[in-house]
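Q:
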């Protein structure tokens, strides 16, 4: 892994080029990326303040002092206890600024505190900086992403073995969560989406008590966390024997996935991958039924740069890792989505997921 | 349950008194409270914009259109698809404003979009409004909170039965999660905190591979979600027979919990409950080892108003529900915390948790 010092240097180069005096990072992926410290974001102000020069300052509630103190402290740790005036603390720690960048995930409440203290400061989004650094994964990160993807593959294989008509969406979601953890996932990257039959047309459906039935497509979308890095896989099984029309619909999505994958070569603009996958679905007459972007980057966050979406002309570079997940959604009827995580290399795109993409019928 | 229309009316009364033209609410508790709609917050703009008069506008990515369209639409649903210019959408939907309030949990990135579009608008935190309305629970909410607390009690009873030396923190956490779900929790309110032995001094410790050992205090802090409402309970068991010193330390925390509970009567300022619990711990010589506030309100969020903390002089009112969770943390040695959820009624405080608070020794 690149050391925290190396990462900080990269970040500071971008701060300089964008004339950003200070970076305010929230608990979560950005704070972890630069410090290795994990906390739970909540209403208590937690922020890593990174000046263009000099030591970064990590501001945390007193209760995190011991945990943060255990890590290698190349930053100044400032803990605060209840009753303290945070405005004074920030003003004295940071001083007046012209231009600062703020973590896009910082809570607006904490951002308002910064705005009120720093008066004249102009704020921009820190994602232009942090996203640019984090978007290219080093070898350690690629290995972690590979392990994480492998956990997802193994859980999908378990799901294929255990899934039965009569099982509820919630039961299947719980089975998958437990499988991921039993194989060694340190966490799940998000709550599993299990969307069966007509629920399938809701891309972010939350599992309910609905029982899987013969004739259902079942969309299963989930991921693991390994060494902090997320995976994300989607497969759509068919309960029973699929008729010709269902097979054809599935084939279109599988072809869109494959075409998107083939388009993901070094130098191609991100939006070209989206356009390639979308063209397959549109060509089959379902353009209006593919109601989301083709993919998103993945790493410490399960959604991060690069976004595989219309309007993103940034060229793909080796070390970029993202999902390709085209889908067709027929309102009130069904959904089909097939998703793999793909890494860009100099010799072409590589899938991190190995689980088969062919239609699986549960008979 | 109060209808969405009644809730909106309450919110608007406060908007008027605070001269707030518009309220911008994020996906999560506030959006759910006013619409019944649940989505997953992410980098795609989702916001419920509530004007002081006229129909609220719910702005969501296209992929949520079907789900949002299913609910009773007393608001205008505006969905956007990739490639659309959100600034134009917001500007045309909302128009120029003088003063707006923003959800404290809205992501800073989305808040920046609003700031940039709404130029001259002065922003304040919406928590003064939404917190004030949500802080008093109606009968439906109290029943849900009771069911949620009951799930937590039952899971704690299971933990008491199953916990063994040699079990890891992670195994115990997984057992508790599965127990909560098997009893019918629709979700967990946060990732269980299982902190054994020396890990106990980290109030928000994330469960690790450490095995429970004889002589450990084990802090177990978790909660369920029922009908959207969270519970939160903490108990600290002892593995083996506790010696006199350990028993005495535990007794202090139990006494602090009881004293805080007795202080939670209608009309008392929130900070008096904190002071009452804290005085017990300070009186025993451990004032510096109680490194967090005594409690937090609970409802659709597991942390919300009222905060039981120094500086909060707001008087307790019937229908307020919050945690009382004093603790003692000895760095590198142990932690002890005992937490119940308490509701204020006209005839005094009532505990929603029934699981015993006496020291349980696992022998």
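Protein chains in written order, with our numbering: chain R, 1 to 363; chain A, 364 to 726.
Just so it is clear, CB atoms sit at the ideal spot from N, CA and C, and this is done for glycine as well.
If the cut-off is 7 Å on Cβ atoms, which residues from the segment 648-679 of chain A count as contacting chain R, listed in chain order?
A: Those residues of the segment 648-679 of chain A that come within reach of chain R (Cβ to Cβ, closer than 7 Å) are 654, 655, 656, 666, 672, 673 and 674.
Q: Answer with buried or exposed for residue 680 (chain A), where buried requires no fewer than 16 other C-beta atoms within 10 angstroms of its C-beta.
A: Answer is exposed; the Cβ neighbour count stays below 16.
Q: The segment 51-77 of chain R: which residues have C-beta closer than 8 Å to a C-beta of chain A, in chain order?
A: Of all residues in the segment 51-77 of chain R, 61, 62, 63, 64, 65, 66 and 67 have a Cβ within less than 8 Å of some Cβ in chain A.
Q: Taking any Cβ of chain R, which residues in the segment 482-508 of chain A have a Cβ under 7 Å from it, in chain order?
A: Hits within the stretch, in order: 486, 488 and 490.
Q: Along the chain, where does the alpha helix (DSSP H) that runs through residue 466 (chain A) open and close?
A: That residue, residue 466 (chain A), is in no alpha helix (DSSP H); it is neither H nor E in DSSP.
Q: Pull up the distance between the alpha-carbon of residue 414 (chain A) and that of residue 154 (chain R), whole angstroms please.
A: Using only the alpha carbons, I get a separation of about 49 Å.
Q: CA-CA distance, residue 521 (chain A) and residue 272 (chain R)?
A: Distance between the alpha carbons of residue 521 (chain A) and residue 272 (chain R) is about 53 Å.
Q: Can you tell me which of A:573, A:595 and A:725 puts its alpha carbon nearest to the alpha carbon of residue 550 (chain A)?
A: For the residues A:573, A:595 and A:725, the minimum Cα distance to residue 550 (chain A) belongs to A:595.
Q: Kindly provide the ranges of any beta strand (DSSP E) runs that are 3 or more residues long and lie completely inside the segment 405-456 of chain A, ordered along the chain.
A: Runs of the beta strand (DSSP E) inside the segment 405-456 of chain A: 410-414, 420-424 and 439-443.
Q: Scan the segment 151-215 of chain R and note each continuous beta strand (DSSP E) run of 3 residues or more that stays entirely inside, going in chain order.
A: Taking only runs of at least 3 residues, the beta strand (DSSP E) segments lying wholly in the segment 151-215 of chain R are 193-196.
Q: How would you write the range of the alpha helix (DSSP H) that residue 491 (chain A) sits in, first residue to last?
A: Unbroken alpha helix (DSSP H) run through residue 491 (chain A): 490-497.
Q: At a CB-CB cut-off below 7 Å, which residues of chain R make contact with residue 565 (chain A)?
A: Here the neighbours are 66 and 67.
Q: Counting only beta-carbon separations shorter than 7 Å, does residue 471 (chain A) have a partner in chain R?
A: Chain R, which has a Cβ nearer than 7 Å to the Cβ of residue 471 (chain A), makes this yes.
Q: Quick one: residues in its chain with C-beta nearer than 7 Å to the C-beta of residue 359 (chain R), no 5 flanking neighbours on either side, listed in chain order?
A: Cβ neighbours of residue 359 (chain R) beyond the five flanking positions: 238, 242, 247 and 250.
Q: Quick check: residue 661 (chain A) and residue 512 (chain A), are their CB atoms within less than 7 Å of each other?
A: In this structure, residue 512 (chain A) does not lie closer than 7 Å to residue 661 (chain A) by Cβ.
Q: Taking DSSP's pairing of strands, which residues face residue 584 (chain A) in a bridge?
A: Answer by DSSP bridge pairing, in chain order: A:556 and A:597.
Q: Taking residue 96 (chain R) as the reference, give the member of R:37, R:13, R:190 and R:115 with the closest Cα.
A: Selected option, being the one with the closest Cα: R:115.
Q: Could you check where the alpha helix (DSSP H) with residue 115 (chain R) kicks off and where it finishes?
A: 108-117 is the extent of the alpha helix (DSSP H) around residue 115 (chain R).
Q: Using the beta-carbon of each residue, which ones in chain R are nearer than 7 Å to residue 446 (chain A)?
A: 310 and 311, listed in chain order.
Q: Any residues in the segment 177-189 of chain R with a beta carbon nearer than 9 Å to a beta carbon of chain A? Which ones, in chain order?
A: Correct list: 177, 178, 181, 182, 186 and 187.
Q: Should residue 140 (chain R) go down as buried or exposed, given a rule of 16 or more other Cβ atoms within 10 Å for buried?
A: Exposed, because fewer than 16 other Cβ atoms sit within 10 Å of the Cβ of residue 140 (chain R).
Q: Please give me, in chain order, every unbroken run of the beta strand (DSSP E) with length at least 3 that falls completely inside the segment 285-333 of chain R.
A: With a minimum length of 3 residues, the continuous beta strand (DSSP E) runs that stay inside the segment 285-333 of chain R are 295-297, 304-308, 321-324 and 327-330.
Q: Could you check the C-alpha separation between residue 118 (chain R) and residue 91 (chain R) for me, to the nearest Å?
A: Looking at the two C-alpha atoms, the distance is approximately 7 Å.
Q: Starting from residue 646 (chain A) and walking both ways along the alpha helix (DSSP H), at which residues does that stretch end?
A: Residues 633-646.
Q: Measuring CA to CA, which of A:553, A:493 and A:408 is closest to residue 385 (chain A)?
A: Nearest of A:553, A:493 and A:408 to residue 385 (chain A), Cα basis: A:493.
Q: State buried or exposed for residue 651 (chain A), treating a residue as buried only when at least 16 other CB atoms are found within 10 Å of its CB.
A: Residue 651 (chain A) is exposed by the Cβ-count criterion.
Q: What do you get for residue 563 (chain A), buried or exposed, if any count of 16 or more other CB atoms within 10 angstroms of its CB means buried?
A: Buried, because 16 or more other Cβ atoms sit within 10 Å of the Cβ of residue 563 (chain A).
Q: Nearest to residue 46 (chain R) by CA position, among R:25, R:16 and R:36, is which residue?
A: Taking only the C-alpha atoms, the option nearest residue 46 (chain R) is R:25.
Q: Among R:133, R:81, R:53 and R:68, which has the Cα closest to the Cα of residue 94 (chain R)?
A: Of the candidates R:133, R:81, R:53 and R:68, the one whose C-alpha sits nearest the C-alpha of residue 94 (chain R) is R:53.
Q: In or out: residue 333 (chain R) buried (at least 16 other Cβ within 10 Å) or exposed?
A: By the 10 Å Cβ count, residue 333 (chain R) comes out exposed.
Q: So is residue 363 (chain R) buried or exposed if we call it buried at 16+ other beta carbons inside 10 Å?
A: With fewer than 16 Cβ atoms within 10 Å of its Cβ, residue 363 (chain R) is classed as exposed.
Q: Quick one: what's got a C-beta closer than 6 Å to residue 442 (chain A)'s C-beta in the same chain, skipping five residues either side?
A: Within the same chain, residue 442 (chain A) has close Cβ partners 423, 425 and 428.
Q: Decide if residue 599 (chain A) is buried, meaning its Cβ has at least 16 other Cβ atoms within 10 Å, or exposed.
A: The residue is buried, with at least 16 neighbouring Cβ atoms inside 10 Å.
Q: Could you name the residues that DSSP lists as bridge partners for residue 706 (chain A)?
A: A:684 and A:713, per the DSSP bridge assignment.
Q: Shortest alpha-carbon distance to residue 135 (chain R) belongs to which of R:101, R:319 and R:182?
A: Residue R:319 is the option with its Cα nearest to residue 135 (chain R).
Q: Tell me, please, whether the CB atom of residue 258 (chain R) is closer than 7 Å to any CB atom in chain A?
A: No - not a single Cβ of chain A is within 7 Å of the one on residue 258 (chain R).
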